[in-house]
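Chains as they are written, first to last, in this note's numbering: chain A, 812 to 1039; chain B, 1170 to 1377; chain C, 1170 to 1377; chain D, 3 to 231; chain E, 3 to 231.
All residues carry an ideal CB built from backbone N, CA and C; glycine is no exception.
Keep in mind that this is a model prediction, so the values were computed, not measured.
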Amino acid sequence: MSDNRVRTALHWLLGAWLVLVIAAAFFWAPAAAGFKGESSRIVFFHVPQAWVAVLAFCVNLIASLRYLRTRDPLDDARAAAAARLGLVFSLLATVTGSIFAHVMWNSFWNWDPREISIAILLLIYAAYFALREAVPDEERRASLSAAYAILAFVTMPFLVFVVPRIYWSLHPDTIIGATGKLKMQMDPRMLQTLFASLVGFTGLFFWLYTLDVRLARVRLARQAREEA
Amino acid sequence: MAAVSVEFTKVAKRFGTRTVLAAVSGALRPGSVLVVAGPNGAGKSTLLNLLAGVLRPSRGEVSHRRGGADLPRSEWCEHLGMASPDMAVYEELSALENLRFFGRLRGHATSDAAITALLETLGLPAREQRRAVGTYSSGMKQRVKLAQAVLHEPAVLLLDEPSSNLDAAGHDAVAGLVARFRPLAAVAVATNDPREIAWGDARLELAL
Amino acid sequence: MAAVSVEFTKVAKRFGTRTVLAAVSGALRPGSVLVVAGPNGAGKSTLLNLLAGVLRPSRGEVSHRRGGADLPRSEWCEHLGMASPDMAVYEELSALENLRFFGRLRGHATSDAAITALLETLGLPAREQRRAVGTYSSGMKQRVKLAQAVLHEPAVLLLDEPSSNLDAAGHDAVAGLVARFRPLAAVAVATNDPREIAWGDARLELAL
Amino acid sequence: MRASSLLSESLAVLGKELTSEVRSRVALNAIGLFGITTLVVVAYQIGPYQIQEKDRPYLLSALLWVILFFAATSGLARVFVKEEDAHTAKTLRLAARPLAVFAGKYLFNLILLAALFTLIVPLYCALMGYEVRGLAGLALVLAAGAVALSASSTIVAAIISRASGSTTLFAILSVPLVLPLLVMLIQGTRAAAGSVELAAVLPALQGIVSLGGALLIVSVFLFPVVWHE
Amino acid sequence: MRASSLLSESLAVLGKELTSEVRSRVALNAIGLFGITTLVVVAYQIGPYQIQEKDRPYLLSALLWVILFFAATSGLARVFVKEEDAHTAKTLRLAARPLAVFAGKYLFNLILLAALFTLIVPLYCALMGYEVRGLAGLALVLAAGAVALSASSTIVAAIISRASGSTTLFAILSVPLVLPLLVMLIQGTRAAAGSVELAAVLPALQGIVSLGGALLIVSVFLFPVVWHE
Ligand code: HEM
Ligand SMILES: Nc1ncnc2c1ncn2[C@@H]1O[C@H](COP(=O)(O)OP(=O)(O)OP(=O)(O)O)[C@@H](O)[C@H]1O
Ligand SMILES: Nc1ncnc2c1ncn2[C@@H]1O[C@H](COP(=O)(O)OP(=O)(O)OP(=O)(O)O)[C@@H](O)[C@H]1O
Ligand SMILES: [Mg+2]
Ligand SMILES: [Mg+2]
């Protein structure tokens, strides 16, 4: 009972926090210099989405590793829930980034290293679910997708750290400067908003994640009851 | 041949929401033959797969024990032999090549002469042994499968419908095989054939 | 059901340099059951494949005749039914879907109720019929294969080891099937099972 | 009577293929995903900006067809091999007339290809910055290409399934058949990209349609031979 | 004792694979031919003269690896799927330790890849007019690439064999794993092409070897999970 009350309170807190973040993004933080018009405001949503996509990938890895140890169907459900959210958020980050890129650089897609890493993350999530779809048996589906998630994670550091370095060296005539993204002109108020948004999106992720896991728990419990 | 026994206690197997086996217990002990009987779909093959470790029980426990200690999983393949309708040997290799391969895999060095002799006792004449298994008749394939199961003198022998597709001589050869392994190995035979029920010292009757 | 008979005269089959059948003659006539017997590897399945037109004889002739005239090849599939150990149905489809498909292919419109009834007489209960065949036990698969062979009421029915993998009830169901087709169709049964030899009006014993 | 029953039998085969694919769930979305990943590899490695402005019309049309061909190859080959692998080929052979089998499998391949094309082509144009001016011309070329490619794929898939089949062998056998086709398709695509006029694609289209038609007709006659030993 | 018997068991698996492949005629030359035909399509359509002088080092190395990767895909994927198709997987599972199976299949894929590389790379260089100055560097890059690619192919092949596997799924699963590898391989190849010095390929080689090593080690640990359920 009190557990439920804490949960309800947290939900309200999260909702209020996100409303504040949205308000701050549009009315409190200034538009960054060097961006066209008000376009910089998308950063407050774009960056947290990309962060959540990466976070989901890590949660998925941990749940997968745990599944292989415990063989608990709930751990598989955790991995799947994280991957589902990861898919959604990497899609959102790609779309917002793409809109942003269109405004800033007049092109939706530029093969920028960040675009590539998020695209690969999308492909990994898509592959993960393609694999799950292809295995009807539940236990086998769980262990195969756990194995794949671990394998995919091994390649991630190379994507994030090694490949961009090489890639840039191949592109002397890049569209964006080699200094990378526009980190520099961050007004303190912008930084605060961005940080608040990061916290808010992380909270949103965990809320959705626990919802999905609770749903899975109910489903598994009902299954167990039906057998008995 | 080490003495290995297999114990299964309250083993249950579900596929999705279907319960195929509900809390079956028993044991395979060296020197005895367990016949697993029951109508089609009763779960005989499922039980054998659980004993072989090919399937994982949904509940309950299967343990392979040698001299009071658990047999480590990495050694199961040396001590277990199995033949079943859903296992095949390599169709592009000959019977001889197949058995050479399976012998080597199990670290059981077997001379070609010994393989040939084994296949002959199972009723596959030497002149047929160097032809690709893909060209064999259904009964000839079954004999190669059986040879694969017993080549390494396993301590636990699991036979699922061992005389399917076999003629009368083949049936006798299987009976001979069971008699040969009875003294030392733990044998389980899953069968639909009333004649084979008599082979067992113990009998486990599964119901639908 | 049209009356079709199959005559084979001096049929021989070689694979490479091996002669498997040397000049076998006989006939399948409506109203009678031919049992093809002989040890494993004698050529029973090969003969049935020749009669079905799946294999071409090396020498000799196989003719399908209806009312004095040759049955055109394009109509064989409507009038022929066959089950054998090397034929499978689609594992990703259910029994019902498989039979719907084979019925439609043969231009033989069959209601779901009729399919369900047929499978039930063969011993596959209705509640199992909507599950993918890949999850069936060996005996359940065999029942679906048999249903596939007889669904379109063929005039020529070729059964190769029809009761392999079946339990006692299944064996009786096959006997019932043969009895049902005996009056009108031309039936051939290739078998290793001594109990099935009695089903034949005629018997063809192949030797190795 | 005969023709209508042939149609119904072909549709039965097509229906079975579709359910099977959907059931094994490596279905259409997988072939699409495969196309996309291929596209990403190529686009990422070669990218739109690597190619000089003046090389674009030529290179981009060639690359598009190489990708489509790869994606098609890996999916279509299985259509008969899987019957042999699963030992259902003999059952099917005894139950259906060869023409119905061929027609059903052909239609299935055609549907797969059409789905692949509608998915990949727009994406390719967007990712690689490929501007096609004659959309109607492109659509015609793609349609004719699908008809021809699936004819050649279907018959070659049947051939290799009989020779202890493998997807690899399929690719080998189909390339000599497909090479002239690909050349004409590339030409046609390039023509469509360069001009709004339908007339621009006509020469290539004629070639594609006649080669595709020839392949289809020959396949229909060849198929019973391949199918029955 | 244990280690030497593991070696002998792995070699037994490798030997079986080699005989089987030669027997079923999907042999080494088949995978090679696939590479060659692909190469012909690309060389014929894109050719050496379509590419501007200054783009060559980059485009040619990228194209080479795209071809090699796709040629490899169709061959390497079958290594476990064929066991499931033929119902021999259960027999093998009961007879061999997982590590021996993985090692044998890995070595087999490595041999296939090595054969493919020795066949395609010289041909590609000749057909496309690709001049490589650091041959030793190229050889090192190719060797490291084969080791890494066959690790990822073998484990992915094992995964898809337990799903309702197809080549399509294979490509979908392996592309994200292999993409960073491909980027490094392309970079290494370009470095080798540009300079006689071995040092030029070192940075790329380090990346390839470490990713390849990581994939191999993780695969060895994951394989038993994939293989036994
Ligand atoms: C299709 C277009 C885009 C995609 C897919 C994309 C993707 C990403 C990803 C994945 C990240 C997280 C990177 C990490 O955590 O290391 C990120 C961060 C970021 N993006 Fe984008 N992005 C796109 C366009 C843009 C554009 C046009 C801008 C601004 C000009 C931009 C500004 C930023 C900033 C400021 C960050 C955070 C700073 C940082 O982590 O270094 N993005 N983006
Ligand atoms: N992978 C699976 N998924 C779902 N159901 C399965 C699976 N494997 C087996 N079953 C079901 O479990 C039941 C028992 O199957 P099993 O093969 O053990 O029977 P059996 O006693 O060996 O029968 P038979 O005598 O016909 O071989 C059957 O109803 C079968 O359909
Ligand atoms: N495609 C083939 N190539 C070579 N030999 C073959 C081929 N098919 C069958 N044979 C051989 O022909 C002989 C007869 O085979 P067949 O399958 O007809 O025997 P059968 O009487 O049905 O035996 P069983 O009772 O074991 O089913 C066997 O020796 C078999 O090896
Ligand atoms: Mg069984
Ligand atoms: Mg036979």
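Within 6 Å of the C-beta of residue 1333(B) there is not a single heavy atom belonging to ligand 2.
In the three-state scheme derived from DSSP, where H, G and I count as helix and E and B as strand, residue 1177(B) is classed as strand. Comparing C-alpha distances from residue 1212(C) to each of 1198(C), 1358(C), 1281(C) and 1199(C) shows the shortest one belongs to 1358(C). Just so you know, the alpha carbons of residue 948(A) and residue 1303(C) end up roughly 12 Å apart. Taking 7 Å as the CB threshold, residue 1345(B) stays off the interface with chain C. Against chain B, a Cβ distance below 7 Å from residue 1037(A) picks out 1186. Around ligand 2, the residues whose beta-carbon falls short of 5 Å from at least one of its heavy atoms are 1184(B), 1189(B), 1209(B), 1210(B), 1211(B), 1212(B), 1213(B), 1214(B), 1215(B), 1304(C), 1305(C), 1306(C), 1307(C) and 1308(C), given in chain order. Around the Cβ of residue 886(A), a 10 Å sphere holds 16 or more other Cβ atoms; the residue is buried. Within chain E, 92, 95, 96, 230 and 231 have C-beta atoms less than 9 Å from the C-beta of residue 1223(B), given in sequence order. Interface annotation, residue 68(E): in contact with chain D, CB-CB separation under 7 Å. Taken from the Cβ of residue 1361(C), at least one heavy atom of ligand 3 lies inside 6 Å. For residue 890(A), none of the residues of chain E pass the 9 Å Cβ criterion, the least Cβ distance being about 14 Å. Distance from the CA of residue 1177(C) to the CA of residue 1336(C), rounded to the nearest whole angstrom, comes to 33 Å. For residue 1255(B), the neighbours in chain E by C-beta distance under 7 Å run, in chain order, 89 and 92.
DSSP places residue 1282(B) within a helical segment (H, G or I) once states are collapsed to three. Boundaries of the beta strand (DSSP E) around residue 1230(B): 1228-1235.
Taking 7 Å as the cut-off, the Cβ atoms of residue 1325(C) and residue 1173(C) count as close. At least 7 Å separates the CB of residue 904(A) from every CB of chain E. Rounded to whole angstroms, residue 868(A) and residue 1341(C) show a C-alpha spacing of 58 Å. Within chain D, the residues placing a beta-carbon under 8 Å from that of residue 927(A) are 46, ordered along the chain. Residue 106(D) sits buried, since 16 or more C-beta atoms from the chains shown fall within 10 Å of its C-beta. Residue 138(D) has its alpha-carbon roughly 7 Å from the corresponding atom of residue 200(D). For the stretch 11-26 of chain E, residues whose beta-carbon sits nearer than 8 Å to a beta-carbon of chain B comprise 11, 14, 15, 17, 18, 21, 22, 25 and 26. Collapsing the DSSP output to three states places residue 177(E) in a helix. At a beta-carbon threshold of 7 Å, the residues of chain D lying near residue 72(E) are 72, ordered along the chain. Taking residue 1008(A) as the centre and dropping the five residues before and after it, the same chain places the C-beta of 832, 855 and 859 closer than 6 Å to its C-beta, in chain order. Note: residue 1336(C) is not bridge-paired with any residue in the DSSP secondary-structure output. As computed with DSSP, residue 1202(C) is found in a beta bridge with 1356(C).
Considering only beta carbons, the part of the stretch 1259-1285 of chain C lying closer than 8 Å to chain D consists of 1259, 1260, 1261, 1262, 1266, 1270, 1271, 1273, 1274, 1275 and 1276, in chain order. Separation of the CB atoms of residue 65(D) and residue 44(D) is rounded to 6 Å, and the pair is thereby assigned contact status at 8 Å. Within its own chain, the residues whose Cβ lies closer than 6 Å to the Cβ of residue 1181(C), once the five positions on either side in sequence are excluded, are 1190, 1191, 1192, 1227, 1228 and 1229, listed in chain order. Residue 135(D) is outside the set of residues whose beta carbon lies under 7 Å from a beta carbon in chain C. In this structure the stretch 1250-1269 of chain C touches the stretch 1290-1307 of chain C; the number of beta carbon pairs closer than 8 Å is three or more. Chain-ordered, the chain A residues with CB closer than 7 Å to the CB of residue 129(D) read 920.
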